[in-house]
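Visitor: Input: one structure, supplied below.
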Amino acid sequence: MNSNIHLESPIVSVAWLHSNMHAKNLVILDGTINKVFDASTKQIPKARLFDIKKKFSDVSNPFPSAFPSAEQFQKSVRELGINSDSAIVVYDDKGIYSSARVWWLFKAFGYTNVAVLNGGFPAWLKADYETESMKLYEGAEGDFVVNHKPETMKFFEDVKIASKNNTHTIIDARSAGRFNCAEPEPREGLRMGTIPNSVNLPFTNLLEDGVLKPKEDLEKAFQELAIKDEPIIFSCGSGITACVLALGAEISDYKNISVYDGSWTEWGSLVGE
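Number 111 in full-length UniProt numbering belongs to position 111 of the sequence shown; there are no gaps in the numbering.
Spelled out as structure tokens, the structure:
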């Protein structure tokens, strides 16, 4: 297939990607967090490294993986050769982890022709599909244009109001142990705790071996915590796995969803016990 494709779902299977590898407008992004270029590392053929930490975060922000400016995002996306008609499939090395953050960033900047590879690189390897040595993208610049959707991301003051006034269901993607203060935060010096009036849905509950569970299982998980048309804010440790919940919620036909960018790292640092 050499014609342009349009992604109808926020997830695609490895079989679908394998059969559409030659689509004219396909761009495959490796969104593995903290990954650096290493020519000895294997990747899906033609993948381009999406550097969340350095290229697609506000590095001047004291909190990790902070939401970039529209100007920074557009510039960095164009440098990866992404165009306004690209069909973007993003994966990571864990299954579904940071790839959901990449998907959500594109959504936040108004781009919807983007999907997460279900099961990521482990599922690709399990299917015994071809790989290649990691390569840096050296092609032409793209013409991608941002269209910022501010309602998709929430920040400290937004969440403070939502928590105090119960205007949103705040769902925390951290493990039950961290949410219930039964185990310490992995980030050194960060206190244990929860955002007041939040509830817990560990992002791992939506996955089976790094692959999203069937839609009916996802729907059941959300139905126990949130009403479909009411506004939801997803939080986690640092704004990464909250996006896995956002992905599951979108598949489950929830529309009024947003992600707390700073998540517990910011809240726990700025708000005392």
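Cβ atoms here follow ideal geometry from the backbone N, Cα and C, with glycine treated the same way.
Treat the numbers as computed from the prediction; the structure is a model and nothing was measured.
According to the Cβ coordinates, are Ser238 and Ser263 closer than 8 Å?
Guide: It is a contact, given that the beta carbons lie within the stated cut-off.
Visitor: Under the three-state reduction of DSSP, which class applies to Asp172: helix, strand or coil?
Guide: Asp172 falls in the strand class under three-state DSSP.
Visitor: Quick one: grab the DSSP three-state call for Asp158.
Guide: It is helical.
Visitor: With distances taken between CB atoms, is the gap from Lys154 to Ile233 smaller than 8 Å?
Guide: Yes, these two residues count as a Cβ contact at 8 Å.
Visitor: At what residue ranges does the stretch 92-161 contain a whole run of the beta strand (DSSP E), taking only runs of 3 or more?
Guide: For the stretch 92-161, whole beta strand (DSSP E) runs of length 3 or above, ordered along the chain, are 114-117.
Visitor: Would a C-beta distance cut-off of 8 Å place Leu247 and Trp103 closer than the cut-off?
Guide: In this structure, Trp103 lies closer than 8 Å to Leu247 by Cβ.
Visitor: Do you know how far the Cα of Asp143 is from the Cα of Lys94?
Guide: Rounded to whole angstroms, Lys94 to Asp143 spans 30 Å at the Cα level.
Visitor: Since I believe Val14 is in contact with Tyr129 (beta carbons under 8 Å), could you give me their beta-carbon distance rounded to a whole number of angstroms?
Guide: Going by Cβ atoms, the distance from Tyr129 to Val14 rounds to 7 Å, so yes, they are a contact pair.
Visitor: Would Ala173 be called buried (16 or more neighbouring beta carbons within 10 Å of its own) or exposed?
Guide: Buried.
Visitor: How about Asn118 and Ile96: do their beta carbons lie closer than 8 Å?
Guide: Closer than 8 Å, so yes.
Visitor: Among Asn34, Arg48, Cys236 and Ser57, which residue has its Cα nearest to the Cα of Met134?
Guide: Ranking Asn34, Arg48, Cys236 and Ser57 by Cα distance to Met134 puts Arg48 first.
Visitor: How long is the line joining the alpha carbons of Asn61 and Leu201, rounded to whole angstroms?
Guide: Rounded to the nearest angstrom, the two C-alpha atoms are 27 Å apart.
Visitor: Write down every uninterrupted run of the beta strand (DSSP E) in the stretch 167-249 whose length is 3 residues or greater and which is fully enclosed by it, in chain order.
Guide: Those beta strand (DSSP E) runs which fall completely within the stretch 167-249 and span 3+ residues are 169-172, 198-200 and 232-235.
Visitor: Please determine, among Ala115, Asn147 and Pro45, the residue with the shortest C-alpha to C-alpha distance to Cys243.
Guide: Minimum Cα distance to Cys243 is reached at Ala115.
Visitor: Beta-carbon within less than 8 Å of Tyr254's beta-carbon, same chain only, minus the 5 sequence neighbours each way: which residues are those?
Guide: Same-chain partners within the cutoff: Phe222, Ala226, Lys228 and Ile232.
Visitor: Measuring straight from C-alpha to C-alpha, what distance separates Phe106 and Glu183?
Guide: Spanning the two alpha carbons is a distance of roughly 33 Å.
Visitor: So what's residue 299 in DSSP terms, helix, strand or just coil?
Guide: There is simply no residue 299 to check, as the chain begins at 1 and stops at 273 in what is shown.
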